[in-house]
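Chains as they are written, first to last, in my numbering: chain R, 492 to 816; chain S, 15 to 246; chain D, 3 to 355. C-beta: ideal position from N, C-alpha, C; glycine also.
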């Protein structure tokens, strides 16, 4: 017994250790050639990123890994060095990201519009009203008990937009949260739409996610206000500063950013959803800004999403001058 | 609701029998990751459990108490803690393990170790105390006698393995926070269910995935029960 | 006979309980020693110390004239084996249970198989190898436990109440096996028992343990001659009567045992007395007995106990008497419950306790 016990035990342990190691290796624990992109749920949930991933990976030997978390958390990840590049849509947060020194080489890659959605019956009567006035009506109706509002409440780009709109309309979003008609769901876009649908409430949504869900008949909310300057939604890509986090895949990040702003990349973005939803979900921004092809919108973008008259002030650029020609 | 579940069931069957590559890939990854995590936990948990149950030492009850309380740690809390540790700015960031299957194995192993230790320690302690003396009077050394005791608790050890594998494969918090649900790399059944529920307008796909997860869990448990039955 | 084990001033304390208090005892090679004593007197502890699975708190134990210490305890355990009071079996089949000790000692599979087969015949469990040990009946389980110890051919075999709570048929199988291993294999036996009959028939010596101390060592009969209060606690004696004795002319005494019944004993004693008669000393007849026996009574059989080759009978003949006869006689006489029988026993069969 003594003789056979120890060899058996060692064999068992060895087999266990080897199998775990082999499994790890087989599943792929290497991080070479991978690019971690932290992004917003609105980009992820629409399926745009899947399309981009397929196209990008045929052209470049880089393994794209998207992590969908929402703008606020994406930025946090990047600040800890856990992402190589972020795709977000909140200019105020993006500016801080640059001034913090965490981000470099910001490029605006696409835009679309948020939309105010609500029940078909529209009790607050906001259909086709200017955004800020509509919001005021919603507050009044809410206080009267006739309508509800659902907020994402998750520090996402959409949530930031919502807060800035409330402020522009003369309300303090922090106080509004306490009122009974204001429902804070702390969820991603899709989840928020489902909940708004459930409560027959009004909410702010990005067009992409909204279209996807209303097309599938999952929600009965209607898009009541569209395409106003106040509802402009601008998507940017920012690389993480290698000086601050030496281990990030800066080269890969820049390859990706260059791809997104290239003709091919912009084409992919613009084409997405045309077939399925009959309209573009994400408008390409690069040529618009460069060549001023739609002066009104280009101007809106510059007012809303530029810092010091540029996408990326020079002190936050690192090489790749060709991007900002 | 019943209609949606039935549709989900049909969808699940369709996915399974069509050999849908994503389903195969995600399922295989879930089983491999949780299986490895269980193997690791038993590897270091069994000696710990044996140590705290076979010998009396001062502070024994405190140690046991700690493991028992860790049984109920919320997975998101552990996931967050591990994220902070393995994040590039964290203590183990230099290992570059974040968002890899390997770190998920480690994370799940950490999660289920208290289960393994508590269950096995319990099983060993439920063994007739006279067995050790019996082995000794039949000529066994201290170690051989301890082995005899542990052999008597094999039933309980099998239960520990089943319980910990279940917890590992069915948990979400750790897998999501340190795995990231990256398609093709770290997506497992639970993370897919969670995020697909957010993405998909209708619930039939998430329900299908859930049914697949349940099938795996049932299959593993029935197998282990079968083995346990034969052992007694 | 040389001493196999010498216990010198052995004491054992647990926390504040003294289980053994300066025990001095010798176990002689080849003997069968009965360890008698009430529950809690320390019998089990004493056996465990001799088995090497408990250490004395103080005192010395010598095995074959070598002092037992930390280092050679492991070797001691290979030469002595104990069978516990509560049948303890491994969760395995009969073969695996019995083979355990042989495996520890590194015996080959072939040798083991042979030895297991052989020992199973000694306990009359031939062919039981594959059966699940824990699923056997109580008596069969204890026989497996015994076989497991016997197969190791120990020099010293310690048994803690080996036949307590076992049905009579299994008891006789076990006792036969013990008798065999002592006579044929010259194994030294120490048996802790409550059963005086067993102590008498199996053992040639007995030691009485009371509250952790050796009260007396001697032959079983020596122990029986101790004051009745002591014996009543642990000795399951049958046919115990108390009464007032009066000396007769002719050297005998008549004892009034109550309810108008008198028995004549072959000793001379006056006053209060307790006596006992061995069941085998009572003669049974279906016809009135005319013999030299001084004590004859008539009664009816109230209980029958089948002990395999012998039968124990409880007879109400005024007082209750317990008699033991062979199975053959029982069958030949055609006895049954409520049968009318005549009993007789000699005056010399009455023993004082």
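inquiry  = Among the candidates 110(S), 90(S), 229(S) and 62(S), whose CA atom is the shortest distance from the CA of residue 185(S)?
reply    = The residue from 110(S), 90(S), 229(S) and 62(S) with its alpha-carbon nearest to that of residue 185(S) is 90(S).
ask   = residue 154(S) touches chain C at which residues, Cβ-Cβ below 7 Å?
value = The structure shown contains no chain C; its protein chains are R, S and D.
query = Enumerated in chain order, which unbroken segments of the alpha helix (DSSP H) with a length of 4 residues or greater are wholly contained in the segment 647 to 724 of chain R?
reply = The DSSP assignment places 648 to 659, 664 to 667, 680 to 690 and 698 to 706 as complete runs of the alpha helix (DSSP H) inside the segment 647 to 724 of chain R, in order along the chain (cut-off: 4 residues).
task = Can you give me the start and stop residues for the alpha helix (DSSP H) that residue 767(R) sits inside?
result = Counting along the chain, the unbroken alpha helix (DSSP H) around residue 767(R) starts and ends at 765 to 768.
ask   = Can the beta-carbon of residue 346(D) be found less than 8 Å from the beta-carbon of residue 293(D)?
value = Yes. Within cutoff.
task = Return the CA-CA distance between residue 756(R) and residue 590(R), expressed in angstroms with no decimal places.
result = Residue 756(R) and residue 590(R) have their C-alpha atoms roughly 28 Å apart.
task = Consult DSSP for residue 118(S) and reduce its assignment to one of helix, strand or coil.
result = Helix at residue 118(S).
inquiry  = Let me check understanding here. Comparing Cα to Cα, which of 680(R), 541(R), 595(R) and 620(R) lies closest to residue 575(R)?
reply    = With distances taken between Cα atoms, residue 575(R) lies closest to 595(R).
key: Where residue 107(S) falls: helix, strand or coil (DSSP)   = In the structure shown, residue 107(S) sits in a helix (DSSP, three-state: H, G or I).
task = Pair every Cβ in the segment 160 to 177 of chain S with every Cβ in the segment 111 to 121 of chain S, then say whether three or more of these pairs are closer than 8 Å.
result = The segment 160 to 177 of chain S makes no contact with the segment 111 to 121 of chain S: fewer than 3 CB pairs, one atom from each, lie closer than 8 Å.
task = To the nearest angstrom, report how far apart residue 644(R) and residue 529(R) are at their CA atoms.
result = Linking residue 644(R) to residue 529(R) through their CA atoms gives a straight-line distance of about 19 Å.
request  = Find out if the Cβ-Cβ distance for the pair residue 524(R), residue 553(R) is shorter than 8 Å.
outcome  = Yes, the pair counts as a contact, with Cβ atoms nearer than the cut-off.
task = Look at residue 96(S) and residue 121(S) and say whether their C-beta atoms are less than 8 Å apart.
result = Contact: yes.
task = Just tell me which of 670(R), 625(R) and 739(R) has its CA closest to the CA of residue 722(R).
result = For the options 670(R), 625(R) and 739(R), the alpha carbon positioned closest to that of residue 722(R) is the one of 625(R).
query = Should residue 83(D) go down as buried or exposed, given a rule of 16 or more other Cβ atoms within 10 Å for buried?
reply = Buried is the call here.
task = Compile a chain-ordered list of the residues in the segment 651 to 683 of chain R whose CB is closer than 9 Å to at least one CB of chain S.
result = Among the residues of the segment 651 to 683 of chain R, those with a Cβ less than 9 Å away from any Cβ of chain S are 678, 679, 680, 681 and 682, in the order of the chain.
request  = Could you check the C-alpha separation between residue 174(S) and residue 181(S) for me, to the nearest Å?
outcome  = Taking C-alpha positions only, residue 174(S) is separated from residue 181(S) by approximately 11 Å.
ask   = With C-beta atoms as the reference, is residue 25(D) less than 8 Å away from residue 103(D)?
value = Taking 8 Å as the cut-off, the Cβ atoms of residue 25(D) and residue 103(D) do not count as close.
ask   = Comparing the C-beta of residue 102(D) with each C-beta of chain S, is any distance below 8 Å?
value = Interface residue, yes.
task = Could you spell out where the beta strand (DSSP E) holding residue 602(R) opens and where it closes?
result = Membership of residue 602(R) in the beta strand (DSSP E) is indicated by the continuous run 594 to 609.
request  = Have a look at 296(D), 29(D), 245(D) and 174(D) and flag the residue whose alpha-carbon is nearest the alpha-carbon of residue 271(D).
outcome  = Of the listed residues, the one whose Cα sits closest to residue 271(D) is 245(D).
ask   = Who are the Cβ neighbours of residue 715(R) in its own chain at under 6 Å, not counting the five residues just before and after it?
value = Contacts found: 607, 609, 617 and 618.
query = DSSP state of residue 321(D), grouped into three classes?
reply = Under the three-state reduction of DSSP output, residue 321(D) falls in the strand class.
key: Rounded distance between the beta-carbons of residue 208(D) and residue 331(D), thought under 8 Å   = Their Cβ separation, rounded to whole angstroms, is 30 Å, which puts residue 331(D) and residue 208(D) out of contact at 8 Å.
inquiry  = In this structure, how does DSSP classify residue 192(S) when only helix, strand and coil are distinguished?
reply    = Helix, per DSSP.
query = Would residue 131(S) pass as a contact of residue 183(S) if the rule is Cβ separation under 8 Å?
reply = No. Outside cutoff.
inquiry  = At the 8 Å Cβ level, is residue 818(R) part of the contact set with chain S, yes or no?
reply    = Outside the shown range of chain R (492 to 816) lies residue 818(R), about which nothing can therefore be said.
ask   = In the segment 719 to 741 of chain R, which residues sit with their C-beta less than 7 Å from some C-beta in chain S, listed in chain order?
value = Closer than 7 Å at the C-beta level to chain S, one finds these residues of the segment 719 to 741 of chain R: 736 and 738.
query = Can you find a CB in chain D that lies within less than 8 Å of the CB of residue 151(S)?
reply = With 8 Å as the cut-off, residue 151(S) counts as an interface residue toward chain D.
request  = Would you kindly work out how many angstroms separate the C-alpha atoms of residue 540(R) and residue 534(R), rounded to a whole number?
outcome  = Their Cα atoms are separated by approximately 6 Å.
key: For residue 86(D), three-class secondary structure by DSSP   = Per DSSP, reduced to three states, the secondary structure at residue 86(D) is coil, with no helix or strand assignment.
key: Identity of the residue in 31(S), 141(S), 156(S) and 187(S) nearest residue 168(S) by Cα   = With distances taken between Cα atoms, residue 168(S) lies closest to 141(S).
key: Own chain residues within Cβ distance below 7 Å of residue 55(S), not counting five before or after   = 123, 126, 127, 130 and 178, listed in sequence order.
ask   = Who does residue 774(R) pair with in a DSSP beta bridge?
value = In DSSP, residue 774(R) forms a bridge with 602(R).
ask   = For residue 597(R), is the classification buried or exposed, using 16 other Cβ atoms within 10 angstroms of its Cβ as the cut-off for buried?
value = By the neighbour-count criterion, in which 16 or more other beta carbons inside 10 Å mark a residue as buried, residue 597(R) falls on the buried side.
key: Beta-carbon neighbours of residue 154(D), restricted to chain S and to distances below 9 Å   = Those within 9 Å of residue 154(D) in chain S are 152 and 153.
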